[in-house]
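The sequence shown begins at 533 in this note's numbering and counts up by one.
Reviewing the structure listed below.
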Amino acid sequence: MIVRKAVVSSFSDALKLVKNTGSSSVVHELLAKKGVLNAIVIEKIDNRAANILKQEAISVGASVALNENVSRFKKGVSDTVLFATTNQIEKLVNKFRLQPFRLKEIALKLENIVNKKKVFKYKERYLDLSNPVVMGIVNVDPNSFSGDGLTDPDEALKRAVEFERLGAGIIDIGAESSRPGTKLVDAKTEIKRLIPALKRIKKNVKIPVSIDTYKYETAKAALDEGADIINDIFALRRGKEISARLIADAKAGVILMHMKGIPKDMQTCPEYKNCTSEVYGFLARQKEYVVGFGIEEERIAVDPGPGFGKTVEHNVELIKSIGVFSTLGAVVGAVSRKRFVKALAGEDRTSFIAANFLAAFCGADIIRVHDVKETVKVLKIIETFRRI
Numbered sequence: 533m534i535v536r537k538a539v540v541s542s543f544s545d546a547l548k549l550v551k552n553t554g555s556s557s558v559v560h561e562l563l564a565k566k567g568v569l570n571a572i573v574i575e576k577i578d579n580r581a582a583n584i585l586k587q588e589a590i591s592v593g594a595s596v597a598l599n600e601n602v603s604r605f606k607k608g609v610s611d612t613v614l615f616a617t618t619n620q621i622e623k624l625v626n627k628f629r630l631q632p633f634r635l636k637e638i639a640l641k642l643e644n645i646v647n648k649k650k651v652f653k654y655k656e657r658y659l660d661l662s663n664p665v666v667m668g669i670v671n672v673d674p675n676s677f678s679g680d681g682l683t684d685p686d687e688a689l690k691r692a693v694e695f696e697r698l699g700a701g702i703i704d705i706g707a708e709s710s711r712p713g714t715k716l717v718d719a720k721t722e723i724k725r726l727i728p729a730l731k732r733i734k735k736n737v738k739i740p741v742s743i744d745t746y747k748y749e750t751a752k753a754a755l756d757e758g759a760d761i762i763n764d765i766f767a768l769r770r771g772k773e774i775s776a777r778l779i780a781d782a783k784a785g786v787i788l789m790h791m792k793g794i795p796k797d798m799q800t801c802p803e804y805k806n807c808t809s810e811v812y813g814f815l816a817r818q819k820e821y822v823v824g825f826g827i828e829e830e831r832i833a834v835d836p837g838p839g840f841g842k843t844v845e846h847n848v849e850l851i852k853s854i855g856v857f858s859t860l861g862a863v864v865g866a867v868s869r870k871r872f873v874k875a876l877a878g879e880d881r882t883s884f885i886a887a888n889f890l891a892a893f894c895g896a897d898i899i900r901v902h903d904v905k906e907t908v909k910v911l912k913i914i915e916t917f918r919r920i
């Protein structure tokens, strides 16, 4: 007889273990759901709801970490951590649907965490995010921080076609540098750089084309030329309502990124009390804001913004916890050629590929990269791990 510990990091791991016992197929999924422990953080929950949460969690065999004020029945809000298997969460969802103090809202979010199939919609199509998708960067800005800016639209087309051939799932075209300390350019200049390349690329590639811009005028011009996704480093804070309505009307996808400050000053002593929590809170609020203008939730992706107003330590924290953001929708991991990677491991391609791999391994769905060929190859490792 042998007794050993099994490594279970996902539902598929648990399901495989259950199947290997030779048990009835009728119980496979039910037992596998009991084998995956989830740690769910609920911030600023009403203390009355937290007390109900605790009692209901105990009733299904789950555990809850509570602020001591909850146990003392004090009014206010606090943070809570729920430790529960997928099976236990499903039971709690049913219990919370009829409860007060916003527990119905918590039920919906818990259900989303354990059951939602990951897709990212754009126009009338969608990307299957069962495995990480590579987003290849095509810069048409001569001042690109990575030094790969292409001023010739035909050269931009060649790069996009090559990226598609190599396995990229999205092309992201940028016409304005956002490197630390850079000055912003006007919409007229950005459009002049962007549109010739966009027209050529849309005619010659089948994969979706994203436009890296925060300007309403540029977004409109790009969407008029067939762009599928708007990738906004300001998370629609600049264009606000008109940009949100523009994207909703076009049924385009949108990527909302977190940035502290603006490119010119974002790296001047950035501070956070809790980086992951603050970034998550910002993206959750922005998502709720744009949904209010008619953008469907499945058309929204989020980017925690590594390198945009963060120290090296902040960036490492965000990459390690990037899977947390999956409750908001598709998650973009954009670490390619960022300064903090250079600070950690030096300026060479191996370091950048490793950073891209880590972002995907930790839970990012869309990996925005300059080095498409190498990243596509290493991400096949993750696909294999998930499949076997």
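Every residue, glycine too, gets a C-beta built ideally from N, C-alpha and C.
Between the beta-carbon of Asp611 and that of Asn599 there is about 6 Å, and that keeps the pair under the 8 Å contact cut. Looking at Phe917, Lys576, Asn663, the one whose alpha-carbon comes closest to that of Phe633 is Lys576.
Residues His790, Val811, Leu850, Ile854, Phe857 of the same chain have their beta carbon placed closer than 7 Å to that of Pro836, with the five preceding and five following residues left out of the count. Every unbroken stretch of the alpha helix (DSSP H) spanning 4 or more residues and falling wholly within the stretch 760-834 is given here in chain order: 772-782, 807-823.
Nearest C-alpha to Thr683 among Phe917, Asp578, Leu726: Leu726. Looking from the CA of Ile827, the closest CA among Leu562, Gly861, Ile574, Glu803 belongs to Gly861. Here the alpha carbon of Val737 sits roughly 54 Å from the alpha carbon of Ile590. Here DSSP, grouped into helix, strand and coil, assigns Lys551 to helix. Apart from the 5 residues on each side of it in sequence, Ile765 sits with its Cβ closer than 6 Å to the Cβ of Ser710, Tyr746, Met789, Met791 in its chain, given in chain order. Burial is judged here by how many other beta carbons sit within 10 angstroms of a residue's own beta carbon; Ile774 has fewer than 16 and is exposed. Under DSSP, Tyr748 takes part in no beta bridge, so it has no partner.
Taking every protein chain shown into account, the CB of Pro674 has fewer than 16 other CB atoms within 10 angstroms, so this residue is exposed. By DSSP's assignment, Ser742 forms a beta bridge with Asp704, Ile761. For the options Ser542, Ile913, Leu730, Ala719, the alpha carbon positioned closest to that of Arg770 is the one of Ala719. In the DSSP assignment, Leu698 falls within the alpha helix (DSSP H) that extends over 685-698. In terms of Cβ geometry, Ile898 and Ile743 do not form a close pair [threshold 9 Å]. In this structure, Pro740 is the residue among Pro740, Leu635, Val609 with its C-alpha nearest to the C-alpha of Val666. The straight-line gap separating the alpha-carbon atoms of Ile574 and Arg777 is approximately 31 Å.
Looking at His560, Glu696, Glu622, Asn671, the one whose alpha-carbon comes closest to that of Thr907 is Glu696. Minimum Cα-Cα distance from Glu803 among the listed residues Val844, Lys606, Lys653 corresponds to Val844. Sixteen is the threshold: since fewer than 16 other Cβ atoms of the shown chains lie within 10 Å of the Cβ of Asp686, the residue is exposed. Here Ile572 really is in contact with Leu642; their C-beta atoms are around 7 Å apart, less than 8 Å. Secondary structure of Leu659 (DSSP, three-state): strand. With respect to the C-alpha of Glu656, the residue from Ile733, Ile705, Asp781 having the closest C-alpha is Asp781. DSSP places Lys731 within a helical segment (H, G or I) once states are collapsed to three. Around the C-beta of Lys715, fewer than 16 other C-beta atoms lie within 10 Å, and the residue is accordingly described as exposed.
Inside the stretch 549-623, DSSP marks whole beta strand (DSSP E) runs of 3 or more residues at positions 569-578, 595-597, 609-617, from first to last along the chain.
Distances from the alpha-carbon of Thr808 to those of Val848, Gln620, Leu549 put Val848 closest. Sorting Val823, Ile705, Ala887 by C-alpha distance to the C-alpha of Ala688 places Ile705 at the top.
Apart from the 5 residues on each side of it in sequence, Lys551 sits with its Cβ closer than 7 Å to the Cβ of His560 in its chain, given in chain order. From the listed residues Thr859, Phe917, Arg604, the smallest Cα separation to Asn583 is found for Arg604. Rounded to the nearest angstrom, the gap between the Cα atoms of Gly813 and Val834 is 12 Å.
A direct Cα-to-Cα measurement between Glu830 and Ala753 gives close to 23 Å.
A distance below 8 Å between beta-carbons, with the five flanking residues on each side excluded, links Arg881 to the following residues of its chain, in chain order: Asp903, Glu906. Arg711 is not bridged by DSSP to any residue. With a beta-carbon spacing of about 16 Å, Ala751 and Ile733 fall beyond the 8 Å limit used to define contacts.
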